[in-house]
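Data first, discussion second: the structure below is written as structure tokens.
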Ligand SMILES: *Cc1c(COP(=O)(O)O)cnc(C)c1O
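Residue numbers (my numbering): 1 to 466.
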């Protein structure tokens, strides 16, 4: 299996080289040069597999440069940290199925990918006798999931910037209470965008990036998408195991287009007619909904909502879909992306037929999201987090009789207790992982949003080759 860039500027790479590269050096995103196809017999034979065993079957179709026994070990280790044996349990509630992706150490779906990526980095660095200093900015969930992915690992230090007092208290504590010596939290006096801009500036300083072995852990790494394909396959098998034959729909709350893109690949991977619709749900930051419904991919200002992990305009994984929409034409993909970076918009209304074959979409207002949390609690005594509620609202709009609808539940409601309390009148019960977190010791540096300051800090704490 070889990996190529959506912009066509990179000679084919192996899986492990693609993982270590992260973002393509030509500015494009990396993708397998073809998507394998699973036939119905093979798919049916996976029915009884455990989550890690299934993950091995799926991932090994995309990875041919890690020996099987070592890949098995990596996968087993990554999912042993989850709170349930099923890893991603499926719960039936009324007309819907909720796919709970929040049983990892930080209670958000990002753990599914970042537990694996952390172990994969450790394995590859060990093999190459190298080191990595991960640098990232977070608006909340990614930071803690990344920290938990690499805490205590021998060849990795991690530096995470978050905007001081602008992440939820639980999110802040999830990051700053991790005491491993390789974890460095930096609260900056500024916004998430300020943090992101500084991280970009440091990655763009190529001599600094090389000398200090900077690594990224953001959602453009192919290994993250790959790990997320697995639960689409698992949920489809679970539904079939309940006796259902015929297609299944999924609804996905979307920000950076990572999770839903994994669904798009899963649909190509599985036998035809396994997955029917992929419902792309956004909050009022609706660029992706406008894209699906009108072919209009144009930037607007980011507005703050109660589903902050989806308060995004330019979706970092969008280019991967664009490549398929352009029938794998890298010249056209690159031209469109260059145009988008220049003008902030793309008119893809000519492709609307194909886009709407691939996705349905709804943008969900703040009121509708809160109402969904309240109604779902009343009807099923089940608490949705605000991100999941966006997907559930869109799912109910697009649900058709006789076709199961699976809603991806991307965070535990306790991570967003204030919003949930506002919607339902009661705060969600804190899960064990968060008990007592308010009073735990924390470690964090407060700094100005100044690139030079961050750079000096990093220089004195970076891990070096032995
Ligand atoms: C990151 C995140 C999302 C959005 O996922 P994408 O892959 O960026 O589309 C949705 N919900 C939660 C809770 C998240 O943390």
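Backbone N, C-alpha and C fix where the C-beta goes; we use that ideal spot for every residue, glycine too.
At a cut-off of 7 angstroms, is residue 157 close to ligand 1 when judged by its beta-carbon and the heavy atoms of the ligand?
Within the chain shown, residue 157 is the residue found at index 157, counting from 1. Every heavy atom of ligand 1 is 7 angstroms or more from the Cβ of residue 157, so no.
Report the three-state DSSP secondary structure of residue 179 (helix, strand or coil).
For the purposes of this step, residue 179 is taken as residue 179 along the chain shown, with counting starting at 1. Three-state DSSP puts residue 179 in coil, outside helix and strand.
Using a Cβ-Cβ cut-off of 8 angstroms (strictly less than) and excluding sequence neighbours within five positions of residue 463, which residues of its own chain qualify?
Along the chain shown, one-based indexing puts residue 463 at 463. Correct list, in chain order: 131, 132, 133, 155, 156, 157, 182, 213.
Hey, quick one: how far does the beta strand (DSSP E) through residue 133 stretch, first residue to last?
Taking the first residue of the chain shown as 1, we reach residue 133 at position 133. Taken as a continuous stretch (DSSP letters only), the beta strand (DSSP E) holding residue 133 covers 132 to 137.
Beta carbon of residue 33: closer than 7 angstroms to some heavy atom of ligand 1?
Here residue 33 refers to the residue found at position 33 when the chain shown is read from its first residue. Incorrect: residue 33 has no Cβ contact closer than 7 angstroms to ligand 1.
Residues around ligand 1, please: the condition is that the C-beta lies closer than 5 angstroms to some non-hydrogen atom of it.
Any residue whose Cβ sits closer than 5 angstroms to a heavy atom of ligand 1 makes the list: 108, 141, 253, 254, 255, 256, 258, 259, 309, 387, 410, 411.
What's the C-alpha gap between residue 143 and residue 403?
Residue numbering aside, residue 143 sits at position 143 when the chain shown is read from its first letter. Residue numbering aside, residue 403 sits at position 403 when the chain shown is read from its first letter. Cα to Cα, residue 143 sits roughly 36 angstroms from residue 403.
Per DSSP, what kind of secondary structure is residue 33 in: helix, strand or coil?
As a working mapping, residue 33 is identified with position 33 in the chain shown. Coil, per DSSP.
So, does the region 337 to 347 touch the region 8 to 21, judging by three or more C-beta pairs under 8 angstroms?
The region 337 to 347 is not in contact with the region 8 to 21.
Which residue's Cα is closest to the Cα of residue 230: 51, 93, 14?
On the chain shown, residue 230 is found 230 positions in, with the first residue counted as 1. Residue 230 has its Cα closest to that of 51, out of 51, 93, 14.
Excluding the 5 residues flanking residue 421 on each side, which residues of the same chain have their C-beta closer than 7 angstroms to its C-beta?
Taking the chain shown and counting its residues from 1, the one referred to as residue 421 is at position 421. So the qualifying residues of the chain are 427.
Whose CA, out of 13, 33, 8, lies closest to the CA of residue 26?
One-based indexing of the chain shown puts residue 26 at position 26. Minimum Cα distance to residue 26 is reached at 8.
According to DSSP, what are the bridge partners of residue 281?
Numbered from 1 along the chain shown, position 281 holds the residue referred to as residue 281. Per DSSP, 253, 362.
I need the straight-line Cα distance from residue 301 to residue 280, nearest angstrom please.
By one-based count along the chain shown, residue 301 stands at place 301. By one-based count along the chain shown, residue 280 stands at place 280. If you take the alpha carbons of residue 301 and residue 280, they lie about 20 angstroms apart.
What would DSSP say about residue 276, mapped onto helix, strand or coil?
The count along the chain shown starts at 1 and reaches residue 276 at position 276. It is a strand residue.
Which whole-angstrom value is the C-beta distance of residue 223 and residue 120, which I expect to be below 8 angstroms?
Position 223 of the chain shown holds residue 223. Position 120 of the chain shown holds residue 120. Correct: roughly 6 angstroms between the Cβ atoms.
If you compare alpha carbons, which of 168, 56, 457, 109 is closest to residue 148?
In the chain shown, counting from the first residue as 1, residue 148 sits at position 148. Ranking 168, 56, 457, 109 by Cα distance to residue 148 puts 109 first.
State buried or exposed for residue 172, treating a residue as buried only when at least 16 other CB atoms are found within 10 Å of its CB.
Here residue 172 refers to the residue found at position 172 when the chain shown is read from its first residue. Residue 172 comes out buried.
Straight-line CA distance for residue 177 to residue 271?
Numbered from 1 along the chain shown, position 177 holds the residue referred to as residue 177. Numbered from 1 along the chain shown, position 271 holds the residue referred to as residue 271. The straight-line gap from Cα to Cα measures roughly 45 angstroms.
Got a sec, what are the start and stop residues for the beta strand (DSSP E) residue 296 sits in?
The residue given as residue 296 occupies position 296 in the chain shown. Run containing residue 296: 296 to 298, per the beta strand (DSSP E) assignment.
Is it the case that the region 446 to 456 contacts the region 190 to 201, given that we only count it when at least three CB pairs across the two stretches are under 8 angstroms?
Verdict: yes, contact present.
Considering residue 161, what are the terminal residues of the alpha helix (DSSP H) in which it resides?
On the chain shown, position 161 is the one that residue 161 refers to. It is not in any alpha helix (DSSP H) - residue 161 instead sits in the beta strand (DSSP E) that spans 156 to 163.
Restricting to Cα atoms, I'd like to know which of 202, 92, 111 is closest to residue 410.
Mapped onto the chain shown, residue 410 falls at position 410. Closest option to residue 410, Cα to Cα, is 111.
What is the DSSP secondary structure of residue 102, reduced to helix, strand or coil?
Numbered from its first residue, the chain shown carries residue 102 at position 102. It is coil, neither helix nor strand.
From 113, 334, 352, 453, pick the residue whose C-alpha is nearest to that of residue 258; which is it?
Taking the first residue of the chain shown as 1, we reach residue 258 at position 258. It is 113 whose Cα lies nearest to the Cα of residue 258.
Which whole runs of the beta strand (DSSP E) in the region 42 to 97 are 3 residues long or more, in chain order?
The qualifying runs are 90 to 93.
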